[in-house]
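Residue numbers for the sequence shown follow this note's numbering, beginning at 6 and rising by one.
Beta carbons are placed, not taken as given, at the ideal position from N, Cα and C, and that holds for glycine.
Scroll down for the structure; my scribbles are underneath it.
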Amino acid sequence: GRNALLLENQPFNAQVGILGHELAHTVYYLDRSFFGILGDAICQLGDCRIQFERATDRRLIDYGLGWQRFDHALYVRGQIYGSREAAMGSQGGGGAYMSPAELLGIMEADEQYSD
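Here it is in structure tokens:
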């Protein structure tokens with residue numbers, strides 16, 4: 006049920022992934038001016054919110070927390086779709102947050118995630 010999606014009920018790595026995502030928002034705002042933040046607030050009312058959230062997922066990958074974000078996406082979608090396999094098969098569908106497959110694709114193309 007919905008309780009599985011509460012932070013306290015998620016696996017540790019998934020918790021790190023979503024907290025990292027939220028902290029990536031904070032880091033982004035450290036360099037923004039008042040008017041930049043105001044523009045971002047207005048953006049949240051429209052369609053650009055989706056790109057804003059997806060850009061945050063990309064920053065999190067750049068910060069080295071891609072696997073944690075992947076684990077969070079896999080866990081949450083696994084709860085929604087009923088299994089990890091179904092979660093991996095789900096595509097982004099233009100949603101605000103990247104799917105596990107999208108996150109994995111970006112990490113596979115990023116040198117910092119290569120063996």
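Query raised in the report: How long is the line joining the alpha carbons of TYR34 and ARG74, rounded to whole angstroms?
Result: Position 29 of the sequence shown, counting from 1, holds the residue named residue 34. Position 69 of the sequence shown, counting from 1, holds the residue named residue 74. Whole-angstrom Cα-Cα distance: 20 angstroms.
Query raised in the report: In this structure, does DSSP put TYR102 in helix, strand or coil?
Result: In the sequence shown, counting from the first residue as 1, residue 102 sits at position 97. TYR102 falls in the coil class under three-state DSSP.
Query raised in the report: Cβ of ILE111 within 8 angstroms of Cβ of ARG63?
Result: By one-based count along the sequence shown, residue 111 stands at place 106. By one-based count along the sequence shown, residue 63 stands at place 58. Contact: yes.
Query raised in the report: Can you give the Cα-Cα distance for ALA60 and ALA19, rounded to whole angstroms?
Result: What you label residue 60 is simply residue 55 of the sequence shown in a count that begins at 1. What you label residue 19 is simply residue 14 of the sequence shown in a count that begins at 1. So the alpha carbons of these two residues sit roughly 19 angstroms apart.
Report task. Following the continuous alpha helix (DSSP H) through GLU58, name the residue where it begins and the one where it ends. Result -> As a first step, residue 58 is located in the sequence shown; it is residue number 53 there, counting from the start. Per DSSP, the unbroken alpha helix (DSSP H) holding GLU58 starts and ends at 53 to 67.
Query raised in the report: CB-CB under 8 angstroms to GLN49, same chain, minus the five flanking residues each way: which ones, in chain order?
Result: Here residue 49 is taken as the residue at index 44 of the sequence shown, counted from 1. Once the five neighbours on either side are set aside, the close Cβ partners of GLN49 are PHE57.
Query raised in the report: So, helix, strand or coil for ASP45, using DSSP?
Result: Mapped onto the sequence shown, residue 45 falls at position 40. ASP45 falls in the helix class under three-state DSSP.
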